[in-house]
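K.L.:
Below is a structure I'd like to ask you about.
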């Protein structure tokens with residue numbers, strides 16, 4: 003009977019530990035064009051007259067000249083806009099998790115007048131800001147640059163807003179590539 007008692011204790015021990023194990027955190031990507039790889043939800047871009055969706059099939063002349071290298075962007079797509087202090091460009095999406103990271107393409111010496119000024123709001127609270135003013139000594143473009151983040155959030159559904167130009171004196175260019183959450 004002693005062996006049965008030990009076996010019962012061993013089973014009880016593992017049953018007590020079972021709820022403690024958790025699944026590993028997984029990074030989930032929200033592409034600018036394809037959307038959330040799990041839910042399929044796509045970011046919302048406003049105002050629509052400021053945004054251009056760029057891919058290998060649709061190039062952007064004027065606002066995007068010169069264009070970043072299409073093969074350098076995640077899924078070979080990005081959204082670009084020029085926001086103004088009176089009417090900032092805006093990206094909105096929801097995610098369920100505890101952290102979010104925003105990735106952009108940054109213009110360097112290819113577009114020396116293309117400043118980028120961004121704010122990240124999570125659930126209506128400003129969590130991060132980013133300011134970039136290129137110089138003539140920088141490469142033409144920087145790709146997949148983590149520009150904004152918020153971590154240590156409560157694990158639940160969050161509403162994200164990225165604003166371009168809220169602190170700019172003149173304007174702000176944003177080349178949004180993708181976001182990652184977990």
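Residue numbers (the numbering used here): 3 to 184. C-beta: ideal position from N, C-alpha, C; glycine also.
1) CA-CA distance, residue 125 and residue 71?
2) Give every residue of the same chain whose Cβ lies closer than 6 angstroms to the Cβ of residue 83, excluding the five residues on either side of it in the sequence, and list them in chain order.
3) Which two residues bound the contiguous beta strand (DSSP E) that contains residue 44?
4) On the three-state DSSP scale, how would you describe residue 13?
5) Taking just the CA atoms, how far does residue 37 sit from residue 110?
6) Evaluate residue 107 with the Cβ neighbour count: other Cβ atoms within 10 Å of its Cβ, from every protein chain shown; 16 or more gives buried, anything less gives exposed.
7) Assuming residue 98 is part of the beta strand (DSSP E), what are its boundary residues?
8) Of the choices 98, 130, 104 and 143, whose alpha-carbon is the least far from that of residue 117?
9) Under DSSP, the beta strand (DSSP E) around residue 107 begins and ends at which residues?
10) Kindly indicate the opening and closing residues of the beta strand (DSSP E) around residue 144.
11) Pop quiz: residue 101 and residue 183 are said to be a contact at Cβ under 8 angstroms. What is the actual Cβ separation, rounded to whole angstroms?
12) On the criterion of 16 or more Cβ atoms from any shown chain inside 10 Å, does residue 181 qualify as buried, or is it exposed?
P.N.:
In this structure, then:
1) As a working note, residue 125 is residue 123 in the chain shown. As a working note, residue 71 is residue 69 in the chain shown. Distance between the alpha carbons of residue 125 and residue 71: 34 angstroms.
2) Here residue 83 corresponds to residue number 81 of the chain shown, with the count starting at 1. Once the five neighbours on either side are set aside, the close Cβ partners of residue 83 are 52, 53, 91 and 176.
3) As a working note, residue 44 is residue 42 in the chain shown. Per DSSP, residue 44 belongs to no beta strand (DSSP E) and is neither H nor E.
4) For the purposes of this step, residue 13 is taken as residue 11 along the chain shown, with counting starting at 1. Bear in mind that the predicted position of residue 13 carries a pLDDT of just 42, short of 50, making it unreliable; the figure below should be weighed with that in mind. Looking at residue 13 - three-state DSSP - the assignment turns out to be helix.
5) Within the chain shown, residue 110 is the residue found at index 108, counting from 1. Within the chain shown, residue 37 is the residue found at index 35, counting from 1. So the two alpha carbons sit approximately 27 angstroms from each other.
6) Position 105 of the chain shown, counted from the first residue, corresponds to residue 107. Residue 107 should be labelled buried.
7) Within the chain shown, numbered from 1, the residue matching residue 98 stands at position 96. Run containing residue 98: 91-99, per the beta strand (DSSP E) assignment.
8) Position 115 of the chain shown, counted from the first residue, corresponds to residue 117. If we check each option's Cα against that of residue 117, 143 comes out closest.
9) Position 105 of the chain shown, counted from the start, is the residue given in the question as residue 107. It spans 102-109 - the beta strand (DSSP E) in which residue 107 sits, taken as one unbroken run.
10) For the purposes of this step, residue 144 is identified with residue 142 of the chain shown, where counting begins at 1. Element bounds for residue 144: 143-152.
11) Translated into the one-based positions of the chain shown, residue 101 becomes position 99. Translated into the one-based positions of the chain shown, residue 183 becomes position 181. Right, their Cβ atoms sit about 6 angstroms apart.
12) Along the chain shown, read from residue 1 onward, the residue named residue 181 stands at position 179. So residue 181 ends up on the buried side.
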